[in-house]
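Residue numbers (our numbering): 5 to 287. Worksheet for the structure shown next.
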Amino acid sequence: MSADTIRISRIACDFLILAVCAIPLLIFHEWVTPYKRGFYCDDETIRYPYRDSTVSRHMLIVVGLLVPTILIVGTEIFRATAWERKCASQFKTYHLKHYSVHRLIVRLYCFIGYFFLGVCFNQLMVDIAKYTIGRQRPHFMDVCRPDIGYLECKNPDLYITNFTCTGSNKNLIQESQLSFYSGHSAFSFYGAWFTSLYLQARLYRPLFSRLLLPVIQFSLFGGASYVALTRVSDYKHHWSDVLVGAIVGSTIGIFVALYVAEVFKRREIPSCGLDSNEFGLIR
Numbered sequence: 005m006s007a008d009t010i011r012i013s014r015i016a017c018d019f020l021i022l023a024v025c026a027i028p029l030l031i032f033h034e035w036v037t038p039y040k041r042g043f044y045c046d047d048e049t050i051r052y053p054y055r056d057s058t059v060s061r062h063m064l065i066v067v068g069l070l071v072p073t074i075l076i077v078g079t080e081i082f083r084a085t086a087w088e089r090k091c092a093s094q095f096k097t098y099h100l101k102h103y104s105v106h107r108l109i110v111r112l113y114c115f116i117g118y119f120f121l122g123v124c125f126n127q128l129m130v131d132i133a134k135y136t137i138g139r140q141r142p143h144f145m146d147v148c149r150p151d152i153g154y155l156e157c158k159n160p161d162l163y164i165t166n167f168t169c170t171g172s173n174k175n176l177i178q179e180s181q182l183s184f185y186s187g188h189s190a191f192s193f194y195g196a197w198f199t200s201l202y203l204q205a206r207l208y209r210p211l212f213s214r215l216l217l218p219v220i221q222f223s224l225f226g227g228a229s230y231v232a233l234t235r236v237s238d239y240k241h242h243w244s245d246v247l248v249g250a251i252v253g254s255t256i257g258i259f260v261a262l263y264v265a266e267v268f269k270r271r272e273i274p275s276c277g278l279d280s281n282e283f284g285l286i287r
């Protein structure tokens with residue numbers, strides 16, 4: 005059993021880096037305006053009615069952050085209290101100055117920290133695309149109500165760029181120009197991939213039943229798919245926005261889990277945690 009010393013300077017540096025990664029997000033949402041893209045007045049893809057979101061942004065943030073955090077905390081507590089009790093001496097010990105720090109705290113700090121770092125990476129990619137491209141949402145015309153081409157379409161071949169939105173809700177008008185790509189879809193699939201790979205790595209043997217883990221993983225992807233599909237049915241995004249969001253979010257989730265958090269390199273499987281119960285039907 006080896007011992008590691010935790011440095012306060014390292015912890016402070018971690019939080020500083022996380023804060024620096026979050027600063028561009030604040031800048032985008034408070035001071036940056038999206039690129040103003042023109043439109044054709046006969047474009048039916050941006051003439052859908054405005055609808056409230058089935059899954060609101062606040063609901064997505066709460067659930068999308070809470071569910072992975074609960075699963076990570078539950079997994080590490082279960083490992084430390086159930087699987088590793090008989091072989092605790094095989095694991096590293098940690099010290100912060102003169103205090104002993106349980107390995108559970110170190111693991112939670114590590115995996116939850118990497119998860120939130122990936123959240124920042126993912127959202128930064130979303131905001132860069134949204135504000136740079138400025139694609140109109142399917143309900144753009146209903147919210148913007150441009151002074152040219154809204155009520156009458158006299159010249160369908162004219163690409164209208166010199167227009168003014170006459171809609172009353174300025175926030176909705178700005179949001180109506182942030183269609184590409186779907187942040188809901190990207191965030192949902194990022195969380196599903198990161199959490200599923202984390203669980204696959206850390207739960208190295210059957211958890212009560214071999215069916216439980218795949219059911220949890222399928223539920224994560226099922227929830228992510230539901231969120232993504234509602235963005236199309238609510239006329240918030242075009243189908244291509246949702247597809248790209250799912251691909252980018254999945255890519256970031258896989259990258260952060262495998263190459264940043266390195267969940268499979270940090271499996272920490274003790275010799276007493278191995279058995280010959282290949283199919284998980286015994287015990």
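From the three backbone atoms N, C-alpha and C, an ideal C-beta is built for every residue, glycine too. In this text, all values refer to a predicted model and were calculated from it rather than measured experimentally.
Outcome for residue i when other beta-carbon atoms lying within 10 angstroms are tallied against a minimum of 16
{"i": "residue 146", "result": "buried"}
{"i": "residue 198", "result": "buried"}
{"i": "residue 63", "result": "exposed"}
{"i": "residue 219", "result": "exposed"}
{"i": "residue 43", "result": "buried"}
{"i": "residue 111", "result": "buried"}
{"i": "residue 15", "result": "exposed"}
{"i": "residue 21", "result": "exposed"}
{"i": "residue 53", "result": "exposed"}
{"i": "residue 256", "result": "buried"}
{"i": "residue 24", "result": "exposed"}
{"i": "residue 265", "result": "buried"}
{"i": "residue 83", "result": "buried"}
{"i": "residue 174", "result": "exposed"}
{"i": "residue 182", "result": "buried"}
{"i": "residue 240", "result": "buried"}
{"i": "residue 205", "result": "buried"}
{"i": "residue 9", "result": "exposed"}
{"i": "residue 85", "result": "exposed"}
{"i": "residue 270", "result": "exposed"}
Anticipated Cβ contact below 8 Å, residue i with residue j, distance rounded
{"i": "residue 180", "j": "residue 140", "result": "6 Å"}
{"i": "residue 73", "j": "residue 207", "result": "Not really, about 16 Å apart at Cβ, beyond 8 Å."}
{"i": "residue 160", "j": "residue 49", "result": "Their Cβ separation, rounded to whole angstroms, is 14 Å, which puts residue 160 and residue 49 out of contact at 8 Å."}
{"i": "residue 253", "j": "residue 190", "result": "3 Å"}
{"i": "residue 108", "j": "residue 76", "result": "In fact, because the Cβ distance is near 11 Å, the residues do not count as touching under 8 Å."}
{"i": "residue 91", "j": "residue 274", "result": "4 Å"}
Identity of the residue in the options nearest residue i by Cα
{"i": "residue 124", "options": "267, 271 and 260", "result": "260"}
{"i": "residue 121", "options": "194, 162, 186 and 75", "result": "194"}
{"i": "residue 201", "options": "13, 263 and 169", "result": "263"}
{"i": "residue 221", "options": "178, 13, 71 and 130", "result": "71"}
{"i": "residue 186", "options": "47, 111 and 59", "result": "59"}
{"i": "residue 144", "options": "108, 45, 26 and 228", "result": "45"}
{"i": "residue 150", "options": "163, 158 and 167", "result": "167"}
{"i": "residue 203", "options": "178, 85, 98 and 268", "result": "268"}
{"i": "residue 65", "options": "41, 10 and 188", "result": "188"}
{"i": "residue 192", "options": "182, 209, 223 and 112", "result": "223"}
{"i": "residue 1", "options": "225, 164 and 173", "result": "Not covered by the structure: residue 1. The range shown for the chain is 5 to 287."}
{"i": "residue 227", "options": "242, 196 and 39", "result": "196"}
{"i": "residue 19", "options": "155, 100 and 114", "result": "114"}
{"i": "residue 36", "options": "265, 273, 243 and 178", "result": "178"}
{"i": "residue 165", "options": "85, 173, 176 and 153", "result": "153"}
{"i": "residue 238", "options": "55, 10, 23 and 89", "result": "55"}
{"i": "residue 51", "options": "163, 148 and 243", "result": "148"}
{"i": "residue 11", "options": "89, 26, 100 and 241", "result": "100"}
{"i": "residue 40", "options": "205, 163 and 245", "result": "163"}
{"i": "residue 28", "options": "131, 209 and 156", "result": "131"}
{"i": "residue 244", "options": "184, 209, 271 and 270", "result": "184"}
{"i": "residue 57", "options": "176, 271, 209 and 272", "result": "176"}
{"i": "residue 158", "options": "47, 13, 119 and 38", "result": "47"}
{"i": "residue 26", "options": "242, 229 and 129", "result": "129"}
{"i": "residue 321", "options": "61, 119 and 98", "result": "As shown, the chain starts at 5 and ends at 287. That puts residue 321 outside it, with no answer to give."}
{"i": "residue 209", "options": "169, 155 and 87", "result": "87"}
Contact with chain B by residue i, beta-carbon distance below 8 Å
{"i": "residue 186", "result": "Chain labels in this structure do not include chain B; a single protein chain is all it has."}
Residue i: CB within 7 Å of a non-hydrogen atom of the ligand GTP
{"i": "residue 230", "result": "You won't find the ligand GTP in this model; it holds no ligand whatsoever."}
My parser needs the beta strand (DSSP E) runs of 3 or more residues fully inside the stretch 67–139; what are they? 97–100 and 103–105
* Asked: Between the stretch 23–41 and the stretch 129–136, do at least 3 Cβ pairs fall closer than 8 Å?
  -> yes
Cβ pair count under 8 Å reaching 3, the stretch 101–120 against the stretch 229–236
no
Note to self: Pairs of beta-carbons, one from the stretch 245–252 and one from the stretch 205–224, closer than 8 Å: are there three or more?
What the structure shows: no
So within the stretch 238–265, which uninterrupted alpha helix (DSSP H) runs reach at least 4 residues, ignoring any that extend past its ends?
243–259
Segments assigned alpha helix (DSSP H), at least 4 residues, entirely inside the stretch 177–227 = 187–206
If we require 4 or more residues per run, which alpha helix (DSSP H) segments fall completely within the stretch 142–183? 144–148 and 174–179
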